[in-house]
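Reviewing the structure listed below.
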Amino acid sequence: MKLLKLVPDNTNINFLKWRVPFYVVSIFLIIASWGLVATKGLNLGVDFVGGQMIRVTFVGQPEAPVASMRDEIQELGYGEPIIQRFGAPNEASIRMKLPEGSEEQPDLANTMANRITKAIQAAHPEARIDGVDSVSGKVSGELFQTGLLSLALAMLGISIYIWVRFEWQFGVGALFALIHDVSLTMGLFALTQMEFDLNIVAAILTIIGYSLNDTIVIYDRIRENMKKYRRMPLPELLNLSVNETLARTVMTSLTLLIALIPLLFLGPSSLFGLTAAITMGIFVGTYSSTYMAAPLLIWFGVKSDSFVPSDEGPNQAERIARGEG
Amino acid sequence: MLDFPRWKKIWLWGLILLTSLAALPSVVSLAGARWPQSLPDPSINLGLDLAGGSHILLEADGRQVATQRLETMEESVRTAMRQADPAIRIGDVSTQGGRLSFMVDSASDVDRARELLLPLVNGNGLRREWTLSVVDETRFVLVPTKEGIDAALNQAMDSAKDVIDRRINAIGTLEPTIIRQGDTRIVVQAPGQQDPEALKALIGQTAKLEFKLVDQNALPSDVQAGIAPAGSEIFPYVEGAPGTGQNIAVRRLGGIKGDSLVNAQATVNPETNENVVTIQFDQQGAAKFARLTTENVNRPFAIILDNKVLSAPNINEPIRGGTAQISGSFTAESANQLAIALRSGALPVDLKVIEERTVGPDLGADSIRAGMVAMGIGTGLVLLIMLVTYGRFGFYADVALVLNVLMILGIMAMMNTTLTLPGIAGFVLTIGAAVDANVLINERIREERRRGRKVVQSVEMGYKEASRAIFDANITNVIAAVLLFLFGQGPVKGFAVVLVIGVVTSVFTAVTITRMWVAGWLRRARPTDLHV
Chain A
1 MKLLKLVPDN TNINFLKWRV PFYVVSIFLI IASWGLVATK GLNLGVDFVG
51 GQMIRVTFVG QPEAPVASMR DEIQELGYGE PIIQRFGAPN EASIRMKLPE
101 GSEEQPDLAN TMANRITKAI QAAHPEARID GVDSVSGKVS GELFQTGLLS
151 LALAMLGISI YIWVRFEWQF GVGALFALIH DVSLTMGLFA LTQMEFDLNI
201 VAAILTIIGY SLNDTIVIYD RIRENMKKYR RMPLPELLNL SVNETLARTV
251 MTSLTLLIAL IPLLFLGPSS LFGLTAAITM GIFVGTYSST YMAAPLLIWF
301 GVKSDSFVPS DEGPNQAERI ARGEG
Chain B
1 MLDFPRWKKI WLWGLILLTS LAALPSVVSL AGARWPQSLP DPSINLGLDL
51 AGGSHILLEA DGRQVATQRL ETMEESVRTA MRQADPAIRI GDVSTQGGRL
101 SFMVDSASDV DRARELLLPL VNGNGLRREW TLSVVDETRF VLVPTKEGID
151 AALNQAMDSA KDVIDRRINA IGTLEPTIIR QGDTRIVVQA PGQQDPEALK
201 ALIGQTAKLE FKLVDQNALP SDVQAGIAPA GSEIFPYVEG APGTGQNIAV
251 RRLGGIKGDS LVNAQATVNP ETNENVVTIQ FDQQGAAKFA RLTTENVNRP
301 FAIILDNKVL SAPNINEPIR GGTAQISGSF TAESANQLAI ALRSGALPVD
351 LKVIEERTVG PDLGADSIRA GMVAMGIGTG LVLLIMLVTY GRFGFYADVA
401 LVLNVLMILG IMAMMNTTLT LPGIAGFVLT IGAAVDANVL INERIREERR
451 RGRKVVQSVE MGYKEASRAI FDANITNVIA AVLLFLFGQG PVKGFAVVLV
501 IGVVTSVFTA VTITRMWVAG WLRRARPTDL HV
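Residue numbers (the working numbering), protein chains in the order written: chain A, 1 to 325; chain B, 1 to 532.
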């Protein structure tokens, strides 16, 4: 049986040759993402800003009566609703943000949700309320803080782990790659204005985990090759390591994409944001571990003898004196 | 490396069998079939987003508990002073600024008053709940300690949880989860609940019932303006009552609270054909109620529920049987709800809904179906690509992957964890990541073969060298998932649980189990070349 090989044997792509242009592109993309987040902003969901999200199906109707729903909700005087198609044409989602100065009314979000669902059901008896999320200003603030905190802690914790298992340069390299992945994902959400909610925080943490998977596999190979080829110049060694792990990188990214794409197109619509974020993360994560995490090690000055077992004496000066440094 | 003693094989197969068996009921029910009722059913719990239902987060206002404690203390102090022999006259009582202060009329009574106050102040004796001091010779000041307030709040939340429990159980066939969260919050999760509004109405009702005498001396214009005469307080009529939009002044003290009820039933008054709630006091409450009505015949008393007046009927005759009717423009449904709320006791503190997530049962079912179809297709494609890429080794990885899915389901069922919608995404991701371990191993075996190593040596090296990277990569995933679990909320937690279980089982199946099979094959077939 002839087996499939995605990457030919003895592939030798000079990844490091292009490292400077790639850095320029990466840094540009990171800054552009930050700029997008700062100017366009993230379309924060009710999890983070409070308010309510109501999903309605108009049973037996060809289409959701978006215009008339907007009028009915506006009459309640809470402001302008954001009404969107959601899945099938007869399904709609209604989002309302909390009015200014509502922090002191913990049950306002809930009262609003009650009145809106009642108004819709009164005007459209065929409406089936599929879901109501109502979050008060207080809870949404807490969710936002814990969301940010868990992201920051995850990035820090993982970097520290890598620092302990490898060397500090590797930890910093991994952290850089992570910042790249998280920034670009946020940038995508700012650009498309897809809703950014708790699920997306989960997705980003997953991306962090995945991107790191990749980075670690490459780092592990670098460490191994450093022990094996003690006199090889670092750029050459990095290139060799990335090439040696390339088959695995391609294969794993491909299988993950294959598992995710059906979920993206056939899965429940409420999972679309989460799946889209993870899918995007697989691309940026693969890129960042191949083109950023490894080449960065040159800049941070990893010594080729970082992983030489210390049984020949911890004294670096002595080794240099013996002509090994 | 490739040595597998018999005991180890037995142990591994036993583990596979056990978890797969545990997964069976979940697989059957997720596929849409019914698991026979006669068999034990350790099937996986479906989260509210999949099964449909309501998640409600309630919060109490801690300040309210503190205020109530002051009021209760004021009543106790007044009673104690009145019942002293001879009675101690007090004045200038104030509960301003979170402290209770009053003056004793005569300085000679200070020592006696202090004696009477000490047992009230020390509570149950384990901790100081109040500090007592005397200033300006005759003024007593009682300040609640922080421990006292905290203990009261804690107690209030505990009993609020019990009350909610009783109320939800009274409406029937739910299996609700009611948990306290933090100092002032309670989470209610009711799977399959069709009408979240009714549930919230029932839970949210404080059901603090009071009977207070109407202050007939109050000036009507003052009352409407919300100005209470000394010793009285103002309450509005409840919406829909005959006096809607108006206020009423009632005597602050000397009323009866509804906490001495033994029963409450929704009934219909045969004379007026009105929906009413009939309540039954316990012995002590009945005696108090009889005394109140005897002393105040022909005067109106207000029936107050949650600080709103339901009605203010005249007392036509003393009510001695301990039974009373509450009228107040009820529908059959609202009368029944009030009866349930009263029977299960008043909430010791007001609870407000600060977060609600409801998913209709139809949407939940649709989500499961869509999620399962997508998962099935994704898994099928992954299995295929592994097979065409790695041949025999891909087949081993595929079987390990299927086992992995069964193990995750089995472990989740045994641990009684809940599968949520993001959990399904976690599942897909685990499937993708599980093959990564095998990809790493197989690529490494290919590499070692290319370098000219012998078959057995290549396989050994492949497993050995790849294991280090697999270990490091998965540890970081566990770090991310644990943080997700610790800081995540609601469905995100479900995602994290699946991820952690998935990481552990995938390493086990992808590394240990496949190695056992590969080792067995190498021993049997003694191949001279590998198709990897």
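Just so it is clear, CB atoms sit at the ideal spot from N, CA and C, and this is done for glycine as well.
Short CB-CB distance (under 7 Å) between Asp183 of chain B and chain A: By 1-based counting over the second sequence, the position of residue 183 of chain B is 183. No - not a single Cβ of chain A is within 7 Å of the one on Asp183 of chain B.
Step through the CB atoms of chain B and report whether any lies within less than 7 Å of the CB of Leu108 of chain A. Position 108 of the first sequence, counting from 1, holds the residue named residue 108 of chain A. Judged by the 7 Å Cβ criterion, Leu108 of chain A is not in contact with chain B.
For Tyr237 of chain B: DSSP bridge partner residues: For the purposes of this step, residue 237 of chain B is identified with residue 237 of the second sequence, where counting begins at 1. Its beta-bridge partners are B:Val309.
Within this structure, are the beta carbons of Val373 of chain B and Leu266 of chain A separated by less than 7 Å? Counted from its first residue, the second sequence places residue 373 of chain B at position 373. Counted from its first residue, the first sequence places residue 266 of chain A at position 266. Contact flag set, yes.
Looking at Asp130 of chain A: is its Cβ nearer than 7 Å to the Cβ of Arg357 of chain B? The count along the first sequence starts at 1 and reaches residue 130 of chain A at position 130. The count along the second sequence starts at 1 and reaches residue 357 of chain B at position 357. Against a cut-off of 7 Å, the Cβ pair of Arg357 of chain B and Asp130 of chain A comes out as no contact.
Buried or exposed for Arg82 of chain B, going by 16 or more other Cβ atoms inside 10 Å? Along the second sequence, one-based indexing puts residue 82 of chain B at 82. That one is exposed.
Note down, in chain order, each residue of its chain lying with its Cβ closer than 7 Å to the Cβ of Tyr390 of chain B, except the 5 sequence neighbours on either side. Indexing the second sequence from 1 puts residue 390 of chain B at position 390. Excluding sequence neighbours, Tyr390 of chain B sits near Ala397, Asn442, Val532.
My understanding is that Ser108 of chain B touches Val141 of chain B, with C-beta atoms under 8 Å, so please give their C-beta distance in whole angstroms. For the purposes of this step, residue 108 of chain B is taken as residue 108 along the second sequence, with counting starting at 1. For the purposes of this step, residue 141 of chain B is taken as residue 141 along the second sequence, with counting starting at 1. About 19 Å separates the two Cβ atoms, so there is no contact after all.
State yes or no: is the beta carbon of Val262 of chain B nearer than 7 Å to at least one beta carbon in chain A? Position 262 of the second sequence holds residue 262 of chain B. Answer no: the Cβ-Cβ gap between Val262 of chain B and chain A never drops below 7 Å.
Look at the alpha carbon of Val28 of chain B and the alpha carbon of Ile501 of chain B, and state the distance between them as a whole number of angstroms. If you number the second sequence from 1, residue 28 of chain B lands on position 28. If you number the second sequence from 1, residue 501 of chain B lands on position 501. Taking the straight line joining both Cα atoms gives about 21 Å.
Would you decide whether Asp49 of chain B is buried or exposed? Buried here means 16 or more other CB atoms lie within 10 Å of its CB. Here residue 49 of chain B corresponds to residue number 49 of the second sequence, with the count starting at 1. By the 10 Å Cβ count, Asp49 of chain B comes out buried.
Is Trp35 of chain B helix, strand or coil by DSSP? Indexing the second sequence from 1 puts residue 35 of chain B at position 35. The answer is coil: DSSP assigns Trp35 of chain B none of H, G, I, E or B.
From Val507 of chain B to His55 of chain B, what does the alpha carbon distance come to, in whole angstroms? Locating residue 507 of chain B in the second sequence gives position 507, where the first residue counts as 1. Locating residue 55 of chain B in the second sequence gives position 55, where the first residue counts as 1. Taking the straight line joining both Cα atoms gives about 35 Å.
Selection of the stretch 348–364 of chain B by Cβ proximity to chain A, strictly under 8 Å: Lys352, Val353, Ile354, Glu355, Glu356, Arg357, Thr358, Val359, Gly360, Asp362, Leu363
If you measure from the beta carbon of Phe495 of chain B to each beta carbon in chain A, is any gap under 7 Å? Here residue 495 of chain B corresponds to residue number 495 of the second sequence, with the count starting at 1. So yes, Phe495 of chain B belongs to the interface.
What are the boundary residues of the alpha helix (DSSP H) that His180 of chain A is part of? By 1-based counting over the first sequence, the position of residue 180 of chain A is 180. Here the alpha helix (DSSP H) through His180 of chain A covers 168–192.
Reduced DSSP secondary structure (H/G/I, E/B, other) of Gly379 of chain B: As a working mapping, residue 379 of chain B is identified with position 379 in the second sequence. Here the sequence assigns Thr to residue 379 of chain B, which means Gly is not the residue at that position. Reduced to three states, the DSSP call for Thr379 of chain B is helix.
Taking C-beta pairs closer than 8 Å, name the residues in chain B that Glu244 of chain A reaches, listed in chain order. In the first sequence, the residue the question calls residue 244 of chain A occupies position 244. Residues of chain B passing the Cβ test: Glu447.
What three-state label does DSSP hand Asn169 of chain B in the structure shown? For the purposes of this step, residue 169 of chain B is taken as the residue at position 169 of the second sequence. The answer is helix: DSSP assigns Asn169 of chain B an H, G or I state.
Between the Cα of Arg70 of chain A and the Cα atoms of A:Val59, A:Gly60, A:Ile82, A:Phe166, which residue gives the shortest distance? For this step, residue 70 of chain A is matched to residue 70 along the first sequence. The option with the nearest alpha carbon to Arg70 of chain A is A:Ile82.
I need the boundaries of the alpha helix (DSSP H) containing Leu205 of chain A, first residue and last residue. As a working note, residue 205 of chain A is residue 205 in the first sequence. Run containing Leu205 of chain A: 198–228, per the alpha helix (DSSP H) assignment.
With respect to the alpha helix (DSSP H) encompassing Asn336 of chain B, which residues constitute its N-terminal and C-terminal limits? In the second sequence, counting from the first residue as 1, residue 336 of chain B sits at position 336. 332–343 is the extent of the alpha helix (DSSP H) around Asn336 of chain B.
Name, in chain order, the residues that DSSP records as bridge partners for Gly131 of chain A. Position 131 of the first sequence, counted from the first residue, corresponds to residue 131 of chain A. Looking at the DSSP assignment, Gly131 of chain A forms a beta bridge with A:Arg55, B:Val359.
Residue-chain proximity (Thr476 of chain B, chain A), Cβ-Cβ < 7 Å: Residue numbering aside, residue 476 of chain B sits at position 476 when the second sequence is read from its first letter. Cβ-Cβ to chain A under 7 Å: yes for Thr476 of chain B.
Tell me, which residues are paired with Thr131 of chain B by DSSP? Residue numbering aside, residue 131 of chain B sits at position 131 when the second sequence is read from its first letter. DSSP, once it has assigned bridges, lists B:Val143 as partnering Thr131 of chain B.
Using 7 Å as the limit for Cβ to Cβ distance, is Asp71 of chain A near chain B? Numbered from 1 along the first sequence, position 71 holds the residue referred to as residue 71 of chain A. Output row for Asp71 of chain A: interface = no.
Report all residues from its chain with a CB closer than 7 Å to the CB of Arg99 of chain B; omit the five preceding and five following residues, and keep chain order. Here the question's residue 99 of chain B lines up with position 99 in the second sequence. Closer than 7 Å at the Cβ level, and outside the excluded window around Arg99 of chain B, lie Val141, Leu142, Val143.
Hey, which unbroken runs of the alpha helix (DSSP H) at 4 residues or more fall wholly within the stretch 214–295 of chain B? 220–225, 283–295
Please name the residue, chosen from B:Leu310, B:Leu338, B:Gln224, B:Pro119, that lies closest to Ile168 of chain B on a Cα-to-Cα basis. Here residue 168 of chain B is taken as the residue at index 168 of the second sequence, counted from 1. Considering only alpha carbons, the answer is B:Leu338.
Ignore the nearest five residues each way along the sequence and tell me which others in Arg322 of chain A's own chain have a CB closer than 7 Å to its CB. By 1-based counting over the first sequence, the position of residue 322 of chain A is 322. Residue confidence is low: Arg322 of chain A scores 47 on pLDDT, short of 50, so the model does not pin down where it sits. Its coordinate-derived value is still stated next. No residues qualify anywhere along the chain.
Beta-carbon contacts of Ala119 of chain A that lie in its chain and below 8 Å, excluding the five residues immediately before and after: Along the first sequence, read from residue 1 onward, the residue named residue 119 of chain A stands at position 119. Excluding sequence neighbours, Ala119 of chain A sits near Glu72, Ile73, Glu75, Leu76.
Just to confirm my understanding: we take Ser269 of chain A, look at its own chain, exclude 5 residues before and 5 after, and list those with CB closer than 7 Å. What are they? Walking along the first sequence from the start, residue 269 of chain A turns up at place 269. Cβ neighbours of Ser269 of chain A beyond the five flanking positions: Phe86, Gly87.
Simplified DSSP assignment, three categories, for Ile13 of chain A: For the purposes of this step, residue 13 of chain A is taken as the residue at position 13 of the first sequence. The answer is coil: DSSP assigns Ile13 of chain A none of H, G, I, E or B.
Give a yes or no on whether 7 Å exceeds the smallest Cβ distance from Asn213 of chain A to chain B. As a position in the first sequence, residue 213 of chain A is number 213, starting the count at 1. True, the Cβ-Cβ gap to chain B drops below 7 Å.
Using alpha carbons as the reference points, say which of B:Ala312, B:Arg252, B:Met414, B:Gly240 lies closest to Ala302 of chain B. As a working mapping, residue 302 of chain B is identified with position 302 in the second sequence. It is B:Ala312.
Classify Glu312 of chain A as helix, strand or coil using the three-state DSSP reduction. Against the first sequence, residue 312 of chain A aligns to sequence position 312. Summary for Glu312 of chain A: the model assigns pLDDT 43, below 50, so the residue's position carries little reliability; its value from the coordinates is reported in the next sentence. In the structure shown, Glu312 of chain A sits in a helix (DSSP, three-state: H, G or I).
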